[in-house]
Amino acid sequence: MASSDIWIRIKAIINAHKALIITRSMRIQKLVYPVPCILLPGGNERGGSAAFLFSCLLLLPFIRCNIIYIAEISACPVTLLVRRKKKKIICYGNTHPSQYGEIRLRGFKGKIAKFIYLSLYRIAIRKIDRIFAISNYLRDFYCSLGATSVIVLPIGVDLSLFGQVTRQRDDTFRCIYIGSLTPARGEREILQAAQIVSRELPCFKLRFVGISEGKKQQLISQAKVLGIEQILEIFPPVNHLEIPGHLRSADVGLSFLYPTPYYLFSPPTKVFEYLAAGIPVIANSIRTHTDYIIHEYNGLITDLDPDHISAAILRLAKDKSLYDKLASNCRKSAASFDQEIIMRQFLKNFS
């Protein structure tokens, strides 16, 4: 998720500059120790973002600093109070405002709260000195709102972790899906495609990594209905250091997204991990995929329906020449997302 990318950029700033961290996360507070950190209200409780933003608005005007880095663009309205001649505002542009800002009020009150938030968001975007967008699509969106300086720096991957990935070949042809799974991420289509593939490919396996216990039970129930429970391999959320280990035994990476505003703008981290591991990607035709996955170069772009997904899987399972070409090109593609290079560019353009 881009959350690891957020943390990587914070660490880069801490290593290069004297910093004070303001957060609502106890986890971040522990990770940055002994760097000075202020923990504000607004964790995961109801109204989390609203409480955090309000606390920031009260605190930030009194903090003396040269640069304020907003690690999630959802908090950009704070710039309306902290904007000063000697303060430079820099922001991590990681997503579209449609998912913000954890405003959970229902009915008329909820509509008013969201209207106020989005109005402040649009004004604040124009006040930010520099935005680091994670995709071309987001850059275009922020510029359309009046942002004056937007630099595209994609989500980075630590290639050193994947450089040691050696494929563990056996008779199994395994597709892998990393991350949380929802209907808007192709849950139904993936399972139904697996049913079709398993009829033609007895050695087929489908691995999910990052699945909560509740979702695991749902998947097992759906798989039983489809008669494919024996091909599923389901793993809970894991540390990012464990991801390369799972990819060693995978042949193909899967990524599917419905065209919601959030998914149209924010590329999934899993795509970059698949490329770094050298496994071809099967994904549907949405810009957050096609900006990185080129059909028949480092993956296959397909329609988001079970028949087309299953046909793509079977094609890679049966055509070794095509598979080897795509796998080789994946590693070439991954060089563009080298975390070390991206962080150097980030710090170069930071101050």
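Heads up: take any position in the sequence shown, counting from 1, add 2, and you land on the numbering used here.
Ideal Cβ placement from N, Cα and C applies to all residues, glycine included.
Nearest to K116 by CA position, among A149, P79, D253 and I281, is which residue?
Residue 116 sits at position 114 when you count from the first residue of the sequence shown. Taking only the C-alpha atoms, the option nearest K116 is P79.
Take the Cβ of R48 as the centre, count every other Cβ of all protein chains shown within 10 Å, and call the residue buried at 16 or more, exposed below.
Walking along the sequence shown from the start, residue 48 turns up at place 46. Bear in mind that the predicted position of R48 carries a pLDDT of just 45, short of 50, making it too unreliable to give a figure here.
Count the other C-beta atoms from every protein chain shown that fall within 10 angstroms of the C-beta of C205, then say buried if there are 16 or more, exposed otherwise.
Sequence index remark: in the sequence shown, residue 205 carries index 203 (1-based). The residue in question, C205, is exposed, as its Cβ has fewer than 16 Cβ neighbours within 10 Å.
Assuming V254 and L318 make a contact with CB atoms under 8 angstroms, what is their CB distance in whole Å?
Within the sequence shown, numbered from 1, the residue matching residue 254 stands at position 252. Within the sequence shown, numbered from 1, the residue matching residue 318 stands at position 316. Confirmed, Cβ separation roughly 6 angstroms.
Just the C-alpha distance for S257 and W9, rounded to the nearest angstrom, thanks.
Taking the first residue of the sequence shown as position 1, residue 257 is located at position 255. Taking the first residue of the sequence shown as position 1, residue 9 is located at position 7. The alpha-carbon atoms of S257 and W9 are separated by roughly 23 angstroms.
Can you grab the Cα-Cα spacing for the pair M345 / V159, in whole Å?
As a first step, residue 345 is located in the sequence shown; it is residue number 343 there, counting from the start. As a first step, residue 159 is located in the sequence shown; it is residue number 157 there, counting from the start. Looking at the two C-alpha atoms, the distance is approximately 10 angstroms.
Taking C-alpha atoms, which residue in R132, G148, V152 and D131 lies nearest to R141?
Taking the first residue of the sequence shown as position 1, residue 141 is located at position 139. R141 has its Cα closest to that of V152, out of R132, G148, V152 and D131.
Are the beta-carbon atoms belonging to A278 and L259 less than 9 angstroms from one another?
Taking the first residue of the sequence shown as 1, we reach residue 278 at position 276. Taking the first residue of the sequence shown as 1, we reach residue 259 at position 257. Not in contact: A278 and L259 (Cβ atoms no closer than 9 angstroms).
Within this structure, are the beta carbons of S100 and T292 separated by less than 9 angstroms?
Stepping through the sequence shown from its first residue, residue 100 is reached at position 98. Stepping through the sequence shown from its first residue, residue 292 is reached at position 290. Their beta carbons are not under 9 angstroms apart, which means S100 does not touch T292 by this criterion.
Assuming H248 contacts I178 (C-beta within less than 8 angstroms), just tell me the rounded distance between them.
Working through the sequence shown from its first residue, we reach residue 248 at position 246. Working through the sequence shown from its first residue, we reach residue 178 at position 176. Between I178 and H248 the Cβ distance is about 6 angstroms, and since that is below 8 angstroms, they are a contact.
Here's a check: name, in chain order, each residue in its chain whose Cβ is nearer than 7 angstroms to the Cβ of A21, leaving out the five neighbours to either side.
In the sequence shown, the residue the question calls residue 21 occupies position 19. Result list for A21: I15 and V37, in chain order.
Nearest CA to the CA of C137: which residue from V154, R128 and C145?
Translated into positions along the sequence shown, residue 137 becomes position 135. Note that residue 137 is Ser in the sequence shown here, rather than Cys. Here the closest residue by C-alpha is V154.
Return yes when the Cβ of L161 is within less than 9 angstroms of the Cβ of A336, no when it is not.
Taking the sequence shown and counting its residues from 1, one reaches residue 336 at position 334. Taking the sequence shown and counting its residues from 1, one reaches residue 161 at position 159. It is a contact, given that the beta carbons lie within the stated cut-off.
Are the Cβ atoms of S223 and S182 separated by less than 9 angstroms?
In the sequence shown, residue 223 corresponds to position 221, counting from 1. In the sequence shown, residue 182 corresponds to position 180, counting from 1. No, Cβ-Cβ distance for S223 and S182 is not below 9 angstroms.
Tell me the residue span of the alpha helix (DSSP H) that contains A337.
On the sequence shown, position 335 is the one that residue 337 refers to. Premise fails: A337 is in no alpha helix (DSSP H) and is neither H nor E.
Rounded to a whole number of angstroms, what is the C-alpha to C-alpha distance between E74 and L60?
Here residue 74 is taken as the residue at index 72 of the sequence shown, counted from 1. Here residue 60 is taken as the residue at index 58 of the sequence shown, counted from 1. About 18 angstroms.
From this set, V199, L41, A252 and F237, which residue's C-alpha is nearest I230's C-alpha?
In the sequence shown, the residue the question calls residue 230 occupies position 228. Closest option to I230, Cα to Cα, is V199.
Going by the CB atoms, is the gap between I69 and I130 shorter than 9 angstroms?
Against the sequence shown, residue 130 aligns to sequence position 128. Against the sequence shown, residue 69 aligns to sequence position 67. Cβ atoms of I130 and I69: not closer than 9 angstroms.
Would you mind listing the alpha helix (DSSP H) stretches within the region 125-208 that are 4+ residues and don't spill past its ends, in chain order?
138-146, 161-164 and 189-202
So who's on the other strand from S257, going by DSSP bridges?
What you label residue 257 is simply residue 255 of the sequence shown in a count that begins at 1. According to DSSP, S257 bridges with A285.
Could you spell out where the beta strand (DSSP E) holding F274 opens and where it closes?
Looking up residue 274 in the sequence shown gives position 272. No beta strand (DSSP E) contains F274, which is instead part of the alpha helix (DSSP H) from T271 to A279.
Closer than 7 angstroms by C-beta to E342: which residues in its own chain qualify, once you throw out the five before and the five after it? Chain order, please.
As a working mapping, residue 342 is identified with position 340 in the sequence shown. So no residue of the chain qualifies.
My guess is that F54 and R26 are in contact by the Cβ rule of under 8 angstroms, so how many angstroms apart are they, rounded?
By one-based count along the sequence shown, residue 54 stands at place 52. By one-based count along the sequence shown, residue 26 stands at place 24. Going by Cβ atoms, the distance from F54 to R26 rounds to 4 angstroms, so yes, they are a contact pair.
What does the alpha-carbon distance come out to for the pair I296 and S330?
Here residue 296 refers to the residue found at position 294 of the sequence shown. Here residue 330 refers to the residue found at position 328 of the sequence shown. Distance between the alpha carbons of I296 and S330: 13 angstroms.
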